[in-house]
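For our numbering, count along the sequence shown from 1 and bump the result up by 4.
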Amino acid sequence: MGQTTASGQSIQSNLKMSSPLGVFVALLIGLGGCGQEYRFEKIYPKRSQECEESSIAGEYLVQWTDGSLTFESKESEEDLYAFLEKNEDRILFVERDQWLRQESDEAVLDSHSSSDWAIQRIGAKKVWDQELIGRDVTIAVIDSGVDLSHAQLQGQFALNPKEIPNNWIDDDHNGLIDDVSGWDFFDQTPLRDDDIGHGTHIAGIILARHDQGSVKGVAPGAKLLPIKFMDSSGTGRLTGALEAINYAASMGVEVINASWGGSFCSLSLKSTISQLEGEGILFVSAAGNNHVDIDTYPEYPAAYNLAHQVTVGASDLHDQIAPFSNIGIERVHILAPGTSISSLYPVNSFSIRSGTSMAAPFVAGSAALLYGYLKAHSKTIHKRELPALVKKALLESVDLGTYSVQSSGRLNVHRALDRLTTLLNQETL
Ligand SMILES: [Ca+2]
Ligand SMILES: [Ca+2]
């Protein structure tokens, strides 16, 4: 559990001092002299135009030496320096809070969903035909919320078994009252809705029921943990994203879908995502829509290139890279359909959207199908090994093209399942 300071708000965190972070912090401390200059060395990120533009004035994350993370609001830099001086020995670093944003264009309303070109393209039906639909797998969609009333999402939500609904009591003592099905970290309330339909569209791509409407989710047997941190403008705070990631991990999800980005400089985002590997969680991130090479112009979390992370660019109907999609031969791993995607929209409606935001959930849903297979067929593998195994199967089974991404290809989940079974056979030999 996180530490709480007089003015700080606790964030649940399992953060331990990983060695690169440790080296970095040691370097920071080593570089520092004494007095105000020393304290300034603990403030991250350093001033740069990119960081300055996305930073939120007066709002900070504090990484304490005991591994906990808290928020602090400071009206002036003098207040911040005084706080740092007072707690000098116990603070590893202080980071400015930042804005993050969604990775899709505006939704076009659709009277009923029509095109399912994308689901056909990735070969999902051949996996469903083997009765693999993502059973016993939970996916967190960390986004703008979700339309809880949508007919195609009924019965698809992961429930917190230890929390009794609507009794104003935090029955499971996790600090959140009545968090029965996800949480809203923007308003700090139980999740109610989705202001902009972004999270609902993503949820539909991943696991819309097949028996209630025309959208076919990739993994209709999986469960959804909807976590909100973005508001009606499609932006959210880094602090909210960190809380959401830690909450998803505490609820035991297998896959996290992160169709947002825009951080140019965060220590805490990387260290928090890094912790997921030990929990067996695959982190699926949208590559971003700026039409840049993120190997050269990195933005995060897309460009972290962690072992348990898959970063997804968007392809179109003709299997070309979508004109808006970011690329990167090292840091973007795979393409998936991301233009003119039909999916769900609030309230109980449909829309068409484009963006790498839409490509990531095809991979997240496909990963859920593979996790479902592993849960059913291979119980001996340690959970820590699962994300890298699923990632390997996804990347080594792509439909190849001449794309500037690590796998040089576009997602094919049917072939990924074949590849996974081959990899498992090799392991047992
Ligand atoms: Ca609770
Ligand atoms: Ca309760």
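Ideal Cβ placement from N, Cα and C applies to all residues, glycine included.
A quick note: this is a predicted structure, and the numbers were derived from the prediction, not measured.
If you measure from the CB of Asp182, is any heavy atom of ligand 2 nearer than 6 Å? yes
- [ ] Thinking Asp323 and Gly405 are a contact (beta carbons under 8 Å), I'd like their distance in whole angstroms, please.
- [x] 6 Å
Inset, instruction - Answer with buried or exposed for Trp172, where buried requires no fewer than 16 other C-beta atoms within 10 angstroms of its C-beta. - result: exposed
- Run the proximity test for Asp175: is its beta-carbon closer than 6 Å to any non-hydrogen atom belonging to ligand 2? yes
Of the choices Ser401, Ser278 and Gln106, whose alpha-carbon is the least far from that of Gly238? Gln106
Taking Pro350 as the reference, give the member of Arg388, Arg196, Trp187 and Thr69 with the closest Cα.
-> Arg196
Since Arg105 is in the beta strand (DSSP E), which residue starts that stretch and which ends it? Ile95 to Gln106
Rounded to whole angstroms, what is the Cα-Cα separation between Ala122 and Leu321? 8 Å
Open item on the list: Within a Cβ cutoff of 6 Å, which residues of the same chain sit near Ser347, ignoring the five residues on either side of it in sequence?
Closed with: His205, Gly208, Ile209 and Val219
Exercise for review: Answer yes or no: does any C-beta atom of chain D fall closer than 7 Å to that of His418?
Suggested key: Structure shown: chain D not included; a single protein chain is present.
Near Asp101, which residues of its chain fall below 8 Å by C-beta distance, leaving aside the five closest residues on each side in sequence? Ser59, Ile60, Glu63, Tyr64, Leu65, Phe75, Arg241, Leu242 and Thr243
task = Tell me the start and end of each unbroken beta strand (DSSP E) in the segment 246–290 that is at least 3 residues and wholly inside, in chain order.
result = 259–262 and 286–290
Indicate whether Val402 and Val288 have their beta-carbon atoms separated by less than 7 Å. no
Since Lys232 sits in a beta bridge, which residues does DSSP pair it with? Asp147 and Asp188
Is DSSP giving Ser401 helix, strand or coil here? coil
In terms of DSSP beta bridges, what is Ile331 paired with? Asp297
| field | Glu303 versus Ser267 - alpha carbon distance | value | 6 Å
Closer than 6 Å: is that where the CB of Asn164 sits relative to any heavy atom of ligand 2? no
- Task: Go through the segment 327–397 residue by residue and report every complete run of the alpha helix (DSSP H) that reaches 4 residues or more, in order.
- Result: 360–381
Less than 7 Å between the C-beta atoms of Glu258 and Thr384, yes or no?
no
field: Where Tyr407 falls: helix, strand or coil (DSSP)
entry: coil
In terms of residue numbering, what span does the beta strand (DSSP E) encompassing Val112 cover?
Val112 to Asp114
When you measure from the CB of Asn178 to every non-hydrogen atom of ligand 1, does any distance come out below 6 Å?
yes
Quiz prompt | Glu183, buried or exposed, once every other Cβ within 10 Å from all chains shown has been counted against 16 | solution = Here residue 183 is Asp; the residue named in the question, Glu, does not match the sequence. By the 10 Å Cβ count, Asp183 comes out buried.
### Task
Report the rounded CA-to-CA distance for Ser80 versus Glu54, giving the unit in angstroms.
21 Å
- Query: Nearest to Ala372 by alpha carbon, out of Val417, Ser361, Arg388 and Ser108?
  - Reply: Val417
Notebook entry, point to check: Span of the alpha helix (DSSP H) holding Ser58?
Noted result: Gln53 to Ser58
**OP:** Go ahead and pull the three-state DSSP assignment for Leu25.
**Re:** For Leu25, the predicted model reports a pLDDT of 42, less than 50, meaning its position is unreliable; a value from the coordinates is still stated below. If DSSP states are grouped into helix, strand and coil, Leu25 belongs with the helices.
Taking the alpha carbon of Ile356 as the point to measure from, which residue in Leu88, Ser275, His116 and Thr315 has its own alpha carbon closest?
-> His116
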